[in-house]
Each structure stands twice: as C-alpha cells, then as structure tokens.
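Only one structure is covered here, and it is reproduced in the block below.
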Amino acid sequence: MEDLKDIFSPAPAEVPADKYEAGSVHWQSPSNIAIIKYWGKRPVQLPQNPSLSLTLTNARTETRLSYEPKDSDGMELEFFFDGEPAPRFRERVLHYLESVKTYLPFLERFRLTVQTVNSFPHSAGIASSASAMSALALCLCSMEDKLFGSLSDDSLFDKKASFLARLGSGSAARSIFGYAALWGQASRVPESSDLFAVSLEDRLHPVFKNFHDDILIVSADEKPVSSRAGHQLMDTNPYAPARYARAKQRLDKLLDALSAGDVARFGQIAEQEALELHGLMMTSEPPYLLMQPETVAIIERLRRYREREDIPVFFTLDAGPNVHLLYPEEVIADVRGFLQEELAPYLLNNTFIPDFVGEGPEEV
Ligand code: PMV
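All residue numbers for the sequence shown refer to this note's numbering, where the first residue is 22 and numbers rise by one.
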C-alpha cells in the first residue's frame, strides 16, 4: 500500500496573509449504488474487499462551506440542514472535521459554516451519507485549493477529495467520480487503492453510461441496525472470509461485463451481491433482517416479469428494504409500465425516485 505521507502531505497550517479572508465554496455531489458491496471494514475506514458502484444523478446533496478568519483556538462550526440548525448532524460533522484536521490544519484558523440540502425527500429513507460526505470533502478540497493553490491538478484534487470522503463514509469515496468507481485494491486495476476510489469511466461500455436506477421506496422507517453496526458485525461473522474472497472474484467478472456491455451478466452479479449482503445480515451474531415483505414481493414480481417478457431489468439492495431497479435506457417504457401496473401497491405512498448514471459532482 502507498505511504500516506507521499500522497497527502498535510496542507500548511499558516494561511498566506493575502488569503486570510472570508470566503465560501459550494458543491453538489450525487449518491451512488454499489454493485459489488462494501460490507466489513478494518481501521481506519479501510475496506475488507474492493467495491464497485455506479454514480447516480438525481439523489444528490448540495453543500456550501463558508469560512471567516478567527483568532481563537480549536474547531468552530455552525451547521444547517435544509436551512435549519441540525445539532445531531453538526456533532457528526464536527467529529469528522476533528478527525481530518491533520490533513487540513488550516481549518482551525477559520469559523466554519456548513449549509446542506438534499435533492430527495428526507422521508424517503434513503441513505445520504455518500452524497453528503462527498459534497463536504469536495468543499474542503476547494477551500484548501483557494488558500494554497495546492490542488490545482484535477487528478490530485479528486484523489484527495475521495480520500477525505472515505474517512467520513466509506461509500462516499466512490461518489467523487462520474459514471462508475472502484474503491479498494484490485489486481485487475493497477491504480486502485484502499485509501481512495478511482474512476472506471474509461472501462465502461456505453450501455452503462446512462443506465437507470429507479429507487423504489418500501419503507422510510429508521433501520433497526445501522450500517455502522452492520459493518462491525462482520468482524464476528463466520462467513466473512468466504465473503471477502467471493467479492474479489465477482469484481473481476463484473469488470469484464462492464467493458463488454454484457447487461445480463451485470444483472446477475448485481442480484447475487444484493442477496449475499442481506444473507450476511441474517448470518451475523446476532442475526437481523432489513428486508420487508414488500421487498421480497417486488423481487419475486421482478423475476417473473423478466422471465415472461424477456426484458433486462434487475434489482439490487442497499443496507435497507428499498429496491433499486437497474435497467438500460432502451427498455424504460416497458419497465415504467411494469412498475406502475405491478409494483405500485408495494411502494410507500407510491414513491419511487427515478435515477440514472451520471457525470458525478459539480461545483456550483
Ligand atoms: O459507506 P457506508 O459505511 O454507509 O456503507 C455502505 C454499505 C452499503 O451501502 C451496503 C454498500 C456499499 O458499498 O455502498
């Protein structure tokens, strides 16, 4: 593994006098959907297996980081979510900023204000840590670059943003890159790393560049077991070593399918991974279940529909009960018809978020 210091020497603590002034930076960053799942980690926020995701478009977080010089010591932060002070999120972000200040020592020289909004309804029960942490990490890198000009190289900027996002939420490392990203060392991708994600855009067949992911909302309740606790339970899961080995093998197959444009193979791997993720939850000690009856009903309907109509539509699941429908652009009319006719009764308030693969974060 690379020596951290070689890649990311900390930014200087002393801000040049002509840059020591109030300013702000502003980013939008999307969520992503993992096809090969990251589930299980080792300190500090390093993955037990490489994971691969498609970057989404509509489910996104917009974050503005404003800063003004201050004289006092320590980190100072105000945090607003949807325009309102949000003390719980503030605690989490403050803790995160403390944890990354070795890389960004200048943060303590400013009074910081973070204002953040999500594009999707809070009631949708969608995990927003990937979009939220990537948007914040991008803001931190822009701030560093404004003060010191140290990240003018785009590829270094993305690498550092991904590295910092990872320290906030592992899956956020992948949201820095458009289309598709890989996080975790994988022999087939020489530039890959456990420390940050890398872009797979150049290895992607065009059919995947506008692939759809309709996120079907089954429940918006808080999960009984958080992702954080779920990762931890992998430490004692008896199937963990086999899981990590299988994920690596599947990754190689998925890389082939992605470059060949093999949608059927892609879909098969996506579904295997989704069910295996939930299988790991069911075999944890103690075991738990995040699927709802509607989740299973949707999966059954989907499989029957696919067989009957020969339409390439597949599912994946995150760590929750909501179902992601994955399909190529050419079958959108069929899939939306099926969704309305057969799946609508299983959705919470008929809610689904139509999403698709996109270009990734954008500076506002
Ligand atoms: O990044 P975290 O700690 O929220 O974990 C994400 C876990 C999954 O969403 C289930 C899988 C993944 O790779 O995104």
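We put the beta carbon where it would ideally sit given N, CA and C, even for glycine.
Residue from the options with nearest C-alpha to residue i
i: serine 20; options: Met164, Ser247, Leu368, Phe131; result: The first residue shown for the chain is 22 and the last is 385, placing residue 20 beyond what the model contains.
i: asparagine 5; options: Glu243, Leu203, Asn343; result: Coverage of the chain is limited to positions 22 through 385, which leaves residue 5 absent and any answer about it impossible.
i: serine 220; options: Ser52, Pro64, Leu73; result: Leu73
i: glutamate 89; options: Ala34, Arg130, His252; result: Arg130
i: lysine 167; options: Gly95, Trp60, Ala38; result: Ala38
i: tyrosine 348; options: Gly300, Val378, Ser149; result: Val378
i: serine 120; options: Pro71, Ser93, Leu188, Ser149; result: Leu188
i: aspartate 92; options: His345, His233, Phe127; result: Phe127
i: lysine 244; options: Leu159, Phe110, Gly341; result: Gly341
i: proline 51; options: Leu115, Met154, Ala34; result: Met154
i: glycine 358; options: Asp94, Ser305, Asp235; result: Asp235
i: glutamate 83; options: Asp355, Asp175, Thr137, Ala202; result: Thr137
i: glycine 389; options: Asn53, Gln66, Trp48; result: Lying before the first or after the last residue shown, residue 389 is absent from the chain, which here runs from 22 to 385.
i: valine 385; options: Ile56, Arg81, Ala34; result: Arg81
i: aspartate 242; options: Leu125, Leu346, Ile147, Phe336; result: Ile147
i: arginine 57; options: Leu346, Leu125, Ala202, Asp174; result: This sequence places isoleucine at residue 57; arginine is not what is there. When each option's Cα is compared against that of isoleucine 57, the closest is Ala202.
i: serine 176; options: Ala354, Arg132, Thr78, Glu212; result: Glu212
i: arginine 69; options: Arg195, Ala261, Leu125, Ala291; result: Sequence check: residue 69 is glutamine here, not arginine. That would be Ala261, whose Cα lies nearest to the Cα of glutamine 69.
i: phenylalanine 232; options: Ile197, Ile54, Ala43; result: Ile54
i: leucine 125; options: Asn79, Cys160, Gly104; result: Cys160
i: aspartate 94; options: Ile374, Ser196, Arg132; result: Arg132
i: leucine 296; options: Gly282, Asp339, Pro71; result: Asp339
i: valine 114; options: Arg249, Pro71, Glu97; result: Glu97
Alpha helix (DSSP H) segment containing residue i, residue limits
i: glutamate 328; result: 314–330
i: glycine 108; result: A quick correction: the sequence has proline, not glycine, at residue 108. That run of the alpha helix (DSSP H) goes 108–121.
i: aspartate 179; result: 175–189
i: leucine 159; result: 150–169
Contacting residues, own chain, Cβ-Cβ under 7 Å from residue i (five flanking each side not counted)
i: threonine 123; result: Pro31
i: threonine 134; result: Ser87, Glu99
i: tyrosine 41; result: Pro90
i: arginine 209; result: Asp273, Leu276
i: valine 284; result: Val228, Pro333, Pro349
i: leucine 172; result: Cys162, Glu165, Asp166, Phe178, Lys181
i: arginine 224; result: Leu276, Leu279, Ser280
i: glutamate 112; result: none
i: phenylalanine 184; result: Phe29, Leu216, Phe217
i: phenylalanine 169; result: Ala32, Pro33
i: arginine 322; result: Glu363, Leu364
Same chain, Cβ closer than 8 Å to residue i, neighbours up to 5 away in sequence not counted
i: serine 45; result: Arg85, Leu86, Ser87, Tyr88
i: proline 308; result: Met302
i: valine 352; result: Ile332, Pro333, Val334
i: tyrosine 200; result: Leu75, Thr76, Ser220, Leu221, Glu222, Leu225, Phe229, Lys230, Val378, Gly379, Glu380, Gly381
i: alanine 193; result: Ser150, Ala151, Ser152, Ala153, Met154, Ser155, Ala158, Ala186, Arg187
i: alanine 4; result: Any property of residue 4 remains undetermined from this structure, which presents the chain solely from 22 to 385.
i: methionine 22; result: The pLDDT assigned to methionine 22 is 43, lower than 50, so where the model puts this residue is not dependable, and the model offers no usable value.
i: alanine 291; result: Ile56, Phe335, Phe336, Thr337, Leu347
i: isoleucine 320; result: Phe336, Val344
i: tyrosine 117; result: Met154, Leu157, Leu188, Gly189
i: threonine 304; result: Asn258, Pro259, Tyr260
i: isoleucine 374; result: Asn79, Ala80, Phe141, Ala145, Ile147, Asp235, Ile236, Ile238
Cut-off 6 Å between Cβ atoms - residues of its own chain near residue i, not counting five sequence neighbours on either side
i: serine 163; result: Val46
i: glutamate 383; result: Gln49
i: glutamate 306; result: Thr257
i: phenylalanine 287; result: Ala278
i: valine 356; result: Val334, Tyr348
i: aspartate 24; result: Only weak support exists for where aspartate 24 lies, its pLDDT of 48 falling under 50; the coordinates are left without a value.
i: valine 36; result: Phe127, Arg130, Leu168
i: asparagine 139; result: Thr82, Ser149
Terminal residues of the beta strand (DSSP E) in which residue i lies
i: alanine 410; result: No information on residue 410 is available, as it lies outside the stretch 22 to 385 that the chain covers here.
i: serine 87; result: 72–90
i: alanine 202; result: 201–204
i: aspartate 376; result: 373–377
i: asparagine 370; result: From DSSP, asparagine 370 is part of no beta strand (DSSP E); its letter is neither H nor E.
i: valine 138; result: 131–139
i: glutamate 97; result: 97–102
9 Å Cβ cutoff, residue i in contact with chain E
i: asparagine 343; result: The structure shown has no chain E; it contains just one protein chain.
Ranges of the alpha helix (DSSP H) found wholly within the segment 261–304, counting only runs of at least 4: At a cut-off of 4 residues, the continuous stretches assigned as alpha helix (DSSP H) that sit fully inside the segment 261–304 are 261–281, 284–303.
Within the segment 207–250, ranges of the beta strand (DSSP E) (whole runs, at least 3 residues): Segments of the beta strand (DSSP E) lying fully in the segment 207–250: 218–220, 233–237.
Inter-stretch contact at 8 Å, needing at least 3 Cβ pairs: the segment 58–70 / the segment 252–259: Contact annotation: the segment 58–70 touches the segment 252–259, with at least three C-beta pairs closer than 8 Å.
Validate contact between the segment 324–334 and the segment 256–271 using beta carbons, cut 8 Å, 3 pairs: Using a Cβ-Cβ distance cut-off of 8 Å, the segment 324–334 and the segment 256–271 are not in contact, since fewer than three pairs of beta carbons, one from each stretch, lie closer than that value.
Complete runs of the alpha helix (DSSP H) confined to the segment 334–363 [at least 4 residues]: With a minimum length of 4 residues, the continuous alpha helix (DSSP H) runs that stay inside the segment 334–363 are 353–359.
Touching by the beta-carbon criterion (3+ pairs, under 8 Å), the segment 362–370 and the segment 309–322: Three or more Cβ pairs closer than 8 Å define a contact, and the segment 362–370 meets that threshold against the segment 309–322.
Residues passing the C-beta test against the ligand SAM heavy atoms, cut-off 5 Å: With respect to small molecules bound, the structure shown includes the ligand PMV and not the ligand SAM.
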